[in-house]
Structure formats: structure tokens, C-alpha cells
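Report on one structure; see the data block that follows.
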Amino acid sequence: MRHRLLGLEDVRRRNESAWLIPNDGSRDNHRLRDDMRRFPDSEEVDLVVVGAGAGGSVLTQRMARAGWKVVALDAGPFWDPDADWVSDERASHHLYWTEPRQIGGADPVPLGSNNSGRGVGGSMVHYAGYTPRFHPSDFRVATLDGVGADWPIAYEDLRPYYQTIEEELPVAGEDWPWGDPHRYPQQAHPVGGNGEVFMRGARELGIVAKVGPVAITNGRFGNRPHCIYRGFCLQGCKVNAKASPLITHIPDALAHGAEIRANSHVSRILVDDETGRVTGVVYIKDGVERRQRARVVAVAGYSIETPRLLLLSSSKRFPNGIGNEHDQVGRYLMVQGAPQTAGRFEDEVRMYKAPPPEVTSEQFYETDPRKPYKRGWSIQTVSPLPITWAEHVAAQGHWGETLREYMRDYVHWAVLGALCEFLPMPENRVTLADELDRHGLPVAHFAYSQSENDHQLVDAAQGVMEDLLRAAGASEVMTIKRYAHLVGGARMAARPEDGVVDAHQKVFGVENLFLSDGSVLPTQGSANPALTIMALAARLADRLAGPVSMVR
Amino acid sequence: MPYRAPNQRAVTPQNRGRFPGYDVLDEVERWDDVTAGAVLERLTPITDLSFFSKEEDAIATPLCDLLLAQDGEPKIPVVGLIDVRLALGEGDGWHYDDMPPDPQAWRESLQHLDDDALTVFRLKFAALSRDQQASIVQAVQDKSSSSESWHDKPAQQVWSLWTRYACAAFYSHPWAWNEIGFGGPAYPRGYKNRHVGGREAFEVADHADRDPVPFASRVEEARRNHAKLVESGNR
Ligand SMILES: Cc1cc2nc3c(=O)[nH]c(=O)nc-3n(C[C@H](O)[C@H](O)[C@H](O)COP(=O)(O)OP(=O)(O)OC[C@H]3O[C@@H](n4cnc5c(N)ncnc54)[C@H](O)[C@@H]3O)c2cc1C
Ligand code: SF4
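Protein chains in written order, with this note's numbering: chain A, 1288 to 1839; chain B, 102 to 336.
Below you can see the structure in the form of C-alpha cells.
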């Protein structure tokens, strides 16, 4: 039995999603969708969730189970992996959020395919699949290192939720020695060429590297089949092996009476100017503006769209946008520095053959007192497919014949990426631009600039990755600087002067508005964020549904 | 199984590549049909452009040919593939706040290549020789490397726009996959031999045994040829 914690039945009792998927080779339960409960706009539901991604889907599933009437609105489609997704890089463009956005600042962060998704399942449809936990230190960075911020909650508050979500995805990996040491429900996957190279180089340098942690099922899980190692995780997993909320939480939510309303772009949150409570949302579906009334609203549109929606929702009561009394909305948005280093090997590596997420080292995650900078980075395999690999080569300045010659050598390269903990800064923020989108709504402008500490982390991580690949036998290395992940923008804080939501993810100054996505993170560590976003959503659900509900 | 004429087998752009006889399309039968449809569509001839005007095409075609060193047949229709994308409004969404949205940025930057050609050679870009065109393009890249602006736009952003679209078009094409030995779509088949040095039965080994020139020398030669092209245009 590959699923170690004998709790498989237990998981199924909590969340039946993997068993609600058909086991006849089709990837989607059309029956469940056809039979979905549908609420009229005029009915006041208990909860409207904006965005059915990592955070929104978990909250929807949990609250539906708790007996609440829940509608989740998502701007994008309700995907069917069989019909809508392909095993191809170029033709996966529709998975990304491609509505207009502006980027600026000293170090602008390109968005699109590299950052955000659209449609039921959210960005996890095309995320890589790494699901590490944050370290306990991430919650106390200001106290420990004098930089960033402290969270108003501690690692221990999230630990039980990390564990339950790891079981539901499920996560496969070796026993984890870093942060709060823990085990995973499934054993680690075998590694491909890129993972082998990483392990070899790490061994040479005495760096500890471990296989995982990935939310890719190792062996059958319910009716979800084993990974077939085809390397298209970032294009959406047609196999249903890689976890995304579309298959890990939405089926169970539907079975418990939630409605998922796709292709519904929420344009504002409605406020009662008398009471200051929110009363529902305005959304656009098929070109028509509609309203959905609700007792409670939770926004989970990710770090750019969540702040944008709060800013767009200005009213007499909240003239600068909702939750923005202290000018905090959109601030402290973070990306991780993600330098990517490639090494050339005489042997054929053919890195496209395994899932890009294979092996990780968190050895450099924490502050090293001997170094001039604070905090650190992690290293992971990345395995770009040809188009993304061409971007890597072109970023070196190669074009024409040189570009072609490098590209022709694709099968000989192995690629690693680092995730560097860039620090949160108030000027890194989302504001509204003059440009309008096709609905006539101002688009988001995202300004980003790095700090000195950030630059130092990137350089140090690049040095280690280049050493590691050389130690593994690379004859040439090349590094490009890029970014990964977005979190923050509406952060959690102890006081309204320092953030947008409190320790329960309730927006300061509004009794029945919550945020349930990556925008609430005050720091980001060097971990990929999806697991933490889901764990936070599960915790929020417990608070909302608990015996003493937080909603007054 | 789609039929392919014998001369349509194992095609690589300009007949270059390191995996002789390798034809990723031999596996079409083992792909799911949605993916097969998306990939095979790229083989459809593109006869008329909808986004680029005739004048723009005359600039975009040599530009993309240079960026990807497509100096002969068979050619991947890079401009056609970019045109489809721009016509459908299938951009990346985001744009730098000091740049217009992608479609407009394409039109303007092509016009600026013409402006440069007129300034330097008193001819339109399309009328220049290949090496002259290369020298104009190289000048934009030089500005990009030193973070200068080009016609009041950051050269880096213009360069990234061109290379992003051109590379996405070229390396989405199965002929390019034949050239670089990429295994292509793999659903529902998957991969079995995933270790260093491993190959599936349908994959072909790198040509190293028959063309033992080490990688470093090949790249060196490509660099030299590239530099020669650009320099002769400067003269
Ligand atoms: C290429 C890539 C690789 C990644 N790899 C990893 C990884 O390996 N591990 C990891 O942990 N993370 C990874 N991530 C990041 C991860 O996917 C995100 O952090 C996570 O999904 C964010 O969760 P969320 O709930 O905040 O938002 P999302 O999951 O993005 O969900 C937001 C949803 O809201 C919808 N929405 C937005 N605005 C509106 C609106 N106004 N009205 C209605 N709906 C709206 C969107 O359509 C979307 O479905 C990766 C991301 C990308 C792009
Ligand atoms: S490699 Fe595995 S997890 Fe990734 S997309 Fe393919 S089958 Fe899914």
C-alpha cells in the first residue's frame, strides 16, 4: 500500500472528490456537473466565493459540507481535461489569465503564463505541483531576523491543516528533514534525468536534496490514476494525476450542494452604506451584468485580482475601496526571485520526460548568520519544455544561428531553479491604471522593485546552482533571472494599520467579508505557496463553520 | 492515421538537425485527438495574413527569418503563426507600462525597423540585403543589452517581444521538434525510459557518433558565422 497513513478511508469520508471522478478513463464527472444545484440570483445564499482556485475551492468544499448554501463564481471556464486541455505547450495559452494588466517599477514582473490562471481550479491547473510547507520561522521573520513581518498566527495554527490537505491532494515525497520535520502520505516518485543530475551534484557538494514534495499521486488514488511521467504538468494534467482543486475539492463541493458558476467575472462587491456590511457581488456573465446576494462574501481571486476587486469596490462608505481605510490594499505584494540555471551534459538528459517538479533542497532556506543577507532560498528541478527553454537561451542574448545551435542541443541540458525569499515592501503594489478592460473596468497596475537583500539572495542562489551542476559534470552553465509565484497584496496583520485582514482573514472594518487566497500572506518563505493557501482556507472554513461562527 | 507523402517525413527546418530520420509525427496515432488536432493544424499552409499588412509582412518576414536563422526551405511559417495569434488577440495580457499592448507594439516596432533602414542605408528594410538587415537588428539587440531605449521605447522590451513571439511560434512546430529531438506530446502514452541516457523506442539518438564535433566548437562556429553576417552588413 503506497498510501502510508492507513487513513485512506478517513480521507474519503472527509473529501470524496477522487472517488467521484469516473473510473472509465474519462477525466470528468459530467453527471455531477449536470446535476449541480443552481441558485437564483435573487436568493440570498450563505456564502459567495469569488474565484474557484486554490483558496476558493477548498473554502467552497468545506462550507458546502458544513451545510452552507455556497456559490463560487469564477471568471474562467469549468474545465474538462479531456476536451479542453492538450499535451502541448503552445496550445495551452487559454489556461492563463490573459486579461490586460500593466507592469512597472524598477524590476517589472511579467505576468501571464508564469503567474496566474483562470478558470475552475485556478492557477493550480497549470502550477508545477510542488507542495512544500512553510517553515515555522516564516511566521516570525520580523522577530527572528528583523526584516519582513510577523504573521498574526503561528506555524502551529496551520500544522493540522497542512496535514489534512497533504492527505487530500495527496502529496508524495521523502521524509522531510527541514522546517518542522514531517512525513508525507505517499512515497517519493522515481526520478528522471533532471532529478538524477540534481541528486548527483548535491551528493558531490554535500548538499542535502530530497525527492518531492509533489501533489502528484504515486499509485492510484480513488479513481485518479498514477502519473505517466510525460512532463506537461504546467499545461494542465490530462491524466488527473497532478492535484488541482478541479479534481481534489470541486467534485466533493458539487456533491454537497455547492454551485460553481463559471465564466462569471465579478466586477464589484456590494456594500450597504448604512451598516457597512457587504450584501453580495455584481458579476458579468455572457455580457450581462448580474447580482448575487449573499450573507457572507469571500474573495479568492489571487494576489492581483483580489486587491483590484477591493479597489474597484468603492462606495460612499468606503470611498477608497473596501478594506482600504489605511491604504493597505494592494501593498506588500511579493514574488520570489527564481533564477534558473541550466547545465550542459555529454549524456542525453531529456529532461522533458518526468514531471518538472522532482527534487528539492531546503538547505539554504533559513538565515545564515555568516552571510550579509537575511533569509534564503530553496532549489528545485524545473525541466522547461522547448518554448520555455528557447526563452532561457534567448535571454542569454543568443539569436539567429547561435540560438538554433543551442536549441538543437536541448536533450543534453538539465535545469534547476531557485526560489529566493524576496522581502515584502509597501511600494510593491497593485493600483488601478487608466487603461480599461473589455468590461470597461480599470485594469491592475503592478509595480515591483527589488531590495538590496533580494539581489544578494539571487546571486548567492545562482552561485550554488552553478556549482552544483558543474559538480554533476556540466561542461557549461547558463543562468537567467526570472520570478515565480505571487503572494500578498492584502496581507494578514494584527492591526488594521498594517494589513487588510485580521488573523481570521476577515477584512478589517467589514463584518462579513473574508479573503481566502494567497493575497493574505505576510511573508512567503522560499516555499511554493499553494499548499499554504489551501491550508489557510481550510482553517478559515473551520472558523466560519465552527460552533461559534465568526460572522456576526 | 494521417497520410504523409514520403518527402514530408522527418522534415526539419532548412534540413538541419541532429536526429537523422527522427519524426515526432510518427507517434500521432498514440496522441489524444485534441492534442493531435492542435499540433497538426500547424502544418496547414497559411496563405493570407489577417493582422499584418503587406508592408508589415515585408519587414516581419526577414526579421523573423533572421531571429531564427531560417535562410532556406523548408521553413516554418513563423510570421503566419504570429499573425494568427495577434489577429485572435491571443496576447499574454500583460504589458510594460512604458510599452503599448503587444499588437500595437508589433506594428510600431516594425515601422521603426523601416525608419532605421532608411536612416542608415536610405532603403526600406525589405530592400536591404540579408547582412544589412542583420546589422540593423543587431543594433537593436545591442541597445537591449545595454538597457538603452530605441525609438523612445526600452529596447529590452522590444527585443523580448520579438523573440518571445518568434520562439513560441518556431518551437511549437513539429519540424522544430524533429530538429531538437524532443519527444512531443505524450498523452496517453507517457514516457518509460526516463534516466540519463534513456530513450524510448521511437526516439533517435543525438547524431554525435556521425558528427563528432564537440558542442563547444559547434556553438563557436555558429557564433562566428553570426558575427560575420552582422559585420558584413555594417560595412
Ligand atoms: C507556471 C506556474 C507554476 C506554479 N508552480 C507552483 C508549484 O509548483 N507549487 C505551488 O505551490 N504553487 C505554484 N504556483 C502558484 C500557485 O498556482 C498559486 O500560488 C495558487 O494557485 C494561488 O491560489 P489562489 O487561491 O490565491 O488563486 P488561484 O488559484 O489563481 O485562483 C484564483 C481564481 O480566481 C478567479 N478570479 C480572479 N478574479 C476573478 C473575478 N474578478 N471574478 C471571478 N473570478 C475571478 C481566477 O479565474 C482563478 O480561477 C505556480 C503558478 C504558475 C503560474
Ligand atoms: S508528468 Fe504526471 S503529473 Fe505531470 S502532467 Fe504528466 S501525468 Fe500529470
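We put the CB at the ideal spot given by N, CA and C, even for glycine.
I'd like to confirm the pairing. Which residues does DSSP put opposite residue i in its beta bridges?
i               : result
L262 (chain B)  : For L262 (chain B), which the question treats as bridged, DSSP gives no partner whatsoever.
T1628 (chain A) : A:L1703 and A:T1766
F1801 (chain A) : A:A1585 and A:K1793
Y1639 (chain A) : According to DSSP, which records beta bridges pairwise, Y1639 (chain A) is partnered with nothing at all.
R1388 (chain A) : B:W195
S1648 (chain A) : A:I1666
P289 (chain B)  : B:W132
Would you say residue i faces chain B, with C-beta separation under 8 Å as the test?
i               : result
R1388 (chain A) : yes
K1768 (chain A) : no
H1732 (chain A) : yes
R1595 (chain A) : no
T1718 (chain A) : no
E1714 (chain A) : no
R1289 (chain A) : Legend: pLDDT at R1289 (chain A) = 49, less than 50; position of this residue unreliable, no value from coordinates given.
One question on the structure: do residue i and residue j come within less than 8 Å of each other, judged by their Cβ atoms?
i               : j               : result
H1699 (chain A) : I1767 (chain A) : no
Y1846 (chain A) : R1826 (chain A) : Because chain A in this structure spans residues 1288 to 1839, residue 1846 (chain A) falls outside the shown range and cannot be described.
G1343 (chain A) : D1789 (chain A) : no
S1374 (chain A) : Q1522 (chain A) : yes
L1706 (chain A) : S1736 (chain A) : no
A1625 (chain A) : A1502 (chain A) : no
A269 (chain B)  : I1674 (chain A) : yes
L1307 (chain A) : L1295 (chain A) : no
P202 (chain B)  : H196 (chain B)  : yes
A1731 (chain A) : V1717 (chain A) : yes
R1507 (chain A) : D1467 (chain A) : no
G1518 (chain A) : P1642 (chain A) : yes
Between which two residues does the beta strand (DSSP E) holding residue i run?
i               : result
Y197 (chain B)  : W195 to Y197
K1572 (chain A) : V1565 to K1572
F1365 (chain A) : Careful: F1365 (chain A) lies outside any beta strand (DSSP E) and carries neither H nor E.
V1553 (chain A) : S1551 to V1558
Q1667 (chain A) : W1664 to T1668
V1717 (chain A) : R1716 to L1723
V1335 (chain A) : V1332 to V1337
R1324 (chain A) : Premise fails: R1324 (chain A) is in no beta strand (DSSP E) and is neither H nor E.
I1547 (chain A) : E1546 to R1548
Alpha carbon to alpha carbon, how far is residue i from residue j?
i               : j               : result
P1457 (chain A) : R325 (chain B)  : 52 Å
R1405 (chain A) : D1322 (chain A) : 24 Å
P103 (chain B)  : P1816 (chain A) : 44 Å
Q115 (chain B)  : P163 (chain B)  : 15 Å
D172 (chain B)  : W1372 (chain A) : 35 Å
E1453 (chain A) : T1819 (chain A) : 10 Å
A134 (chain B)  : G291 (chain B)  : Inspection of the sequence shows that residue 134 (chain B) is occupied by Asp rather than by Ala. About 15 Å.
L1620 (chain A) : F1709 (chain A) : 10 Å
D166 (chain B)  : H1552 (chain A) : 41 Å
H1469 (chain A) : Q1667 (chain A) : 19 Å
A1747 (chain A) : V1434 (chain A) : 18 Å
A1585 (chain A) : S318 (chain B)  : 59 Å
D1655 (chain A) : V1565 (chain A) : 46 Å
Looking at the C-beta of residue i, does it have a partner C-beta in chain A at a distance below 8 Å?
i              : result
V334 (chain B) : One point to set straight first is that residue 334 (chain B) is Gly, not Val, in the sequence displayed. By this cut-off, G334 (chain B) is not an interface position.
C268 (chain B) : yes
L144 (chain B) : no
T162 (chain B) : no
F316 (chain B) : yes
Q242 (chain B) : yes
W326 (chain B) : The question names Trp, but residue 326 (chain B) is Asn in the sequence shown. Yes - at least one Cβ of chain A is within 8 Å of the one on N326 (chain B).
S273 (chain B) : yes
W276 (chain B) : no
S246 (chain B) : yes
V320 (chain B) : yes
G181 (chain B) : no
D342 (chain B) : The question about residue 342 (chain B) has no answer here: the residues shown for chain B are numbered 102 through 336.
Going by DSSP, what residue range makes up the alpha helix (DSSP H) through residue i?
i               : result
H1742 (chain A) : E1739 to A1758
F1733 (chain A) : Here F1733 (chain A) belongs to no alpha helix (DSSP H); instead the beta strand (DSSP E) covers P1729 to A1734.
D217 (chain B)  : D203 to F222
V1434 (chain A) : Segment: none, V1434 (chain A) is in no alpha helix (DSSP H) and carries neither H nor E.
L1492 (chain A) : G1480 to L1492
Say whether chain C places a C-beta atom closer than 8 Å to the C-beta of residue i.
i               : result
V1764 (chain A) : Reference to chain C is not applicable here, since the protein chains of this structure are A and B.
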